[in-house]
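Note that numbering that gives the first Met the number 0 has the sequence shown beginning at 0, numbered continuously upward. Even glycine gets a Cβ: it sits at the ideal position worked out from N, Cα and C. Right, one structure below, let's go through it.
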Amino acid sequence: MKVILKEILEDRSYTEGGTVLFQIAEIAVNTGDTVYVDMQDVTAIPTLFMNTSFGNLMDKYGIDKIKKLFRFNNATRIQINRIQKYFNDFQILYNQLV
0 MKVILKEILE DRSYTEGGTV LFQIAEIAVN TGDTVYVDMQ DVTAIPTLFM
50 NTSFGNLMDK YGIDKIKKLF RFNNATRIQI NRIQKYFNDF QILYNQLV
């Protein structure tokens with residue numbers, strides 16, 4: 000399943016865009032698909048977006064499953080590092096709560 004992130008974020012707040020990605024990813028989880036996220040022309044990935052997409056998905060389906068769900072294309076090293084840090088921080092917080 001291919002997702003063009005720029006189109007998801009167009010005319011939406013980051014929170015709304017994150018919710019749209021969450022809904023798309025939920026379908027992929029249920030069908031066993033992989034979500035290929037095209038990051039071309041995306042300049043920012045704020046925490047608001049990641050909370051409503053990745054964070055909610057990890058809460059519902061678990062960290063390991065969501066890490067395997069996504070593949071990112073046309074992403075900068077900074078974007079990849081930011082996403083990895085978000086996942087790592089989530090894992091640390093989760094481990095402290097368990």
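Of the residues the options, which one's Cα is nearest the Cα of residue i?
i, options, result
"F71", "L92, Q90, I44", "I44"
"L92", "I62, Q78, K67, T75", "I62"
"V36", "M0, K67, L96", "M0"
"A24", "N94, E6, S52", "S52"
What number of angstroms, rounded off, separates the C-alpha of residue i from the C-alpha of residue j?
i, j, result
"Y85", "F48", "11 Å"
Pick helix, strand or coil for residue i, following the three-state DSSP scheme.
i, result
"I3", "strand"
"R11", "coil"
"N72", "strand"
"G61", "coil"
Can the beta-carbon of residue i be found less than 8 Å from the beta-carbon of residue j?
i, j, result
"N80", "Q39", "no"
"V28", "V2", "no"
Give, in chain order, every unbroken run of the alpha helix (DSSP H) that is at least 4 residues long and sits entirely within the region 28-59. Counting only runs of 4 or more, we get 46-49.
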